[in-house]
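Note that our numbering numbers the sequence shown so that position 4 is 4, with each residue one more than the last. Glycine residues also receive a C-beta, built at the ideal position from the N, C-alpha and C atoms. Note that this is a predicted model, so its numbers are computed, not measured.
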Amino acid sequence: MRKKGKLDNFPFMNRIDRLNALLIHLQGKPRVTLTELEDRFEIGRRTVFRDIRSLMDAGVPIGGDAGEGYFIVDGYHLPPVVFNKEEASAILMGAKFIERSADTQTIETFEKAMYKIKAVLKYSDKEFLDNLEDRISIRPSPVPIQKKDSHLAEIQLAIATNRVISMTYYSHYNDSTTQREVEPLGMVFYSSRWHLIAFCRLREDLRDFRADRIMKVQVLAEEFDPSTHPNYLEFLHDALIGTDAKEAQIIVSAMVARFMGEQKYFMGFAEETKLADGRYQMKFVTPRYDYFARWLMMFGKEVEIISPSELQGIAATQAKELLEHHSAPFLTNA
């Protein structure tokens with residue numbers, strides 16, 4: 001018995017529906033491998049072959065083979081895609097996030113796309129979407145997102161075409177601007193900001209650039225080979241967590257466990273176990289014990305450090321320094 005797959009969410013999908021979904025999938029990429037089609041539709045290899053042959057017999061010009069993947073021959077145009085209300089609702093949810101996380105240019109571009117999507121909906125589905133739109137919202141981030149022109153469109157173009165970027169970048173730590181040529185490897189959204197991960201030719205190493213600090217951008221004609229650089233997500237992981245990350249074990253009260261919420265994930269939360277007395281034992285992986293200890297201090301005596309002893313010592317020293325600092329004025333005035 002095969003395992004439950006993605007398409008099992010649509011129990012009434014017949015072969016015609018699957019052929020249509022397969023055609024849309026082929027339409028969305030320059031080349032699709034046999035393995036990808038097997039995984040996407042949770043069907044066997046022989047079924048993929050039969051479906052591909054059925055589409056070709058129906059007049060769809062599909063090129064390629066099982067070894068290198070399949071593609072729709074350039075120049076073939078399909079009828080406009082029609083969205084159902086569930087698909088349009090999912091896109092609407094994405095639009096709400098874009099309103100909060102993108103720059104002005106990207107927001108305006110997406111709004112135009114949403115008008116096109118609404119235009120192809122049935123009348124009843126348009127009414128459904130209108131009723132839903134005003135009742136879905138994203139709460140503002142604690143860190144305000146600057147919706148200025150952060151050149152996201154130009155950066156995306158450079159990433160997709162493997163083109164070098166010339167940019168003017170503002171460095172906050174020394175309040176200065178520098179001119180850089182970078183090889184863009186990827187974009188990541190974290191800490192309420194878009195970040196460009198790129199190889200910086202000035203520093204001769206990978207760097208993390210905040211998109212809202214990029215002042216000017218020019219996409220050059222020069223191309224580069226991204227395979228000559230490390231994976232940008234691995235670089236980011238090492239930069240945020242550190243290659244010498246250390247483990248810490250703590251026990252917190254149930255109240256603190258609830259209060260931590262999502263904040264704990266920014267501090268390297270790995271796992272937790274509920275104890276018999278209702279408290280929680282938590283494991284964290286952190287690059288710096290001193291910074292982690294300062295975070296724990298805000299929870300006071302509701303936190304117990306189990307290990308390592310190094311973290312216990314750092315926390316005790318910080319608590320002593322804090323006590324001395326706040327006690328000094330009283331001792332002076334006594």
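Please specify which runs of the beta strand (DSSP E), each continuous and at least 3 residues long, are wholly inside the region 29-94, giving them in chain order. 62-65 and 69-72
Between the C-alpha atoms of E108 and G94, what's the straight-line distance to the nearest angstrom? Take the alpha-carbon of E108 and the one of G94: they are about 14 Å apart.
Would the beta-carbon of V303 fall within 7 Å of that of V252? yes
What does DSSP give as the partner residues of G186 in its beta bridges? I197
What is the rounded straight-line gap between the Cα of D103 and the Cα of R31? Cα to Cα, D103 sits roughly 31 Å from R31.
To the nearest whole angstrom, what separates the beta carbons of G69 and L34, a pair I think is in contact under 8 Å? Rounded to the nearest angstrom, the Cβ distance from G69 to L34 is 7 Å, consistent with a contact under 8 Å.
Alpha-carbon to alpha-carbon, D175 and R213: The C-alpha of R213 lies about 11 Å from the C-alpha of D175.
Assign D125 to buried or exposed, taking buried as 16 or more other Cβ atoms, counted over all protein chains shown, within 10 Å of its Cβ. buried
What residue does the beta strand (DSSP E) around V120 start on, and which one ends it? Counting along the chain, V120 falls outside any beta strand (DSSP E), and DSSP gives it neither H nor E.
Taking 7 Å as the CB-CB limit, is E262 close to chain D? The chain inventory of the structure shown lacks chain D, comprising one protein chain alone.
Here's the rule: buried if 16 or more other CB atoms are within 10 angstroms of the residue's CB, otherwise exposed. What is I16? Taking all protein chains shown into account, I16 has fewer than 16 neighbouring C-beta atoms within 10 Å of its C-beta and is therefore exposed.
Going by the beta-carbon positions, is the gap between L322 and Y289 smaller than 7 Å? no
Could you have a look at A221 and say whether DSSP puts it in helix, strand or coil? strand
Neighbourhood of H326 by C-beta distance below 6 Å, restricted to the same chain and skipping five residues each side: none
Endpoints, beta strand (DSSP E) assigned at Y280: Y280 to T286
Kindly confirm or deny that the region 150-167 and the region 207-225 touch, where touching means at least three C-beta pairs closer than 8 Å. yes
What residue from G261, Q156, E127 and Y232 has the CA that sits closest to T106's CA? Q156
According to DSSP, simplified to helix, strand and coil, what is R213? helix
Does the separation of the CB atoms of K283 and Q318 fall below 7 Å? no
Between the CA atoms of G268 and F292 - distance to the nearest angstrom: 9 Å
On the three-pair Cβ rule with 8 Å, is the region 226-237 touching the region 252-267? No, the region 226-237 is not in contact with the region 252-267.
Measuring alpha carbon to alpha carbon, tell me which of A66, F209, D65 and A88 ends up nearest F128. A88
T161 lies in the alpha helix (DSSP H); which residues open and close that run? L152 to T161
Nearest-angstrom Cα separation, counted from S191 out to I136: 23 Å
By alpha-carbon positions, which one of R210, F71, A315 and G300 ends up nearest to K24? Position check: residue 24 holds Ile in this sequence, whereas Lys was assumed. Ranking the options by Cα distance to I24, first place goes to F71.
Buried or exposed by the 16-neighbour rule on C-beta atoms within 10 Å, applied to M260: Around the CB of M260, 16 or more other CB atoms lie within 10 Å, so the residue is classed as buried.
What are the residues that DSSP puts in a beta bridge with D205? C200
Beta carbon of R163, beta carbon of E223: below 7 Å? At the C-beta level, R163 and E223 come within 7 Å of one another.
Taking just the CA atoms, how far does L220 sit from R207? 19 Å
Does the beta-carbon of A316 have 16 or more other beta-carbons within 10 angstroms, so that it is buried, or is it exposed? exposed
For Y232, count neighbouring C-beta atoms within 10 Å of its own C-beta (all shown protein chains included) and say buried if the count is 16 or more, exposed if not. With 16 or more other Cβ atoms within 10 Å, it is buried.
Measure the alpha-carbon distance for V73 versus Q27 and round it to whole angstroms. 10 Å
Tell me which residue opens and which closes the beta strand (DSSP E) that A21 is part of. Element bounds for A21: not the beta strand (DSSP E) but the alpha helix (DSSP H), R15 to Q27.
Near P61, which residues of its chain fall below 6 Å by C-beta distance, leaving aside the five closest residues on each side in sequence? Counting only Cβ-Cβ distances below 6 Å, and skipping sequence neighbours, we find V73 and Y76.
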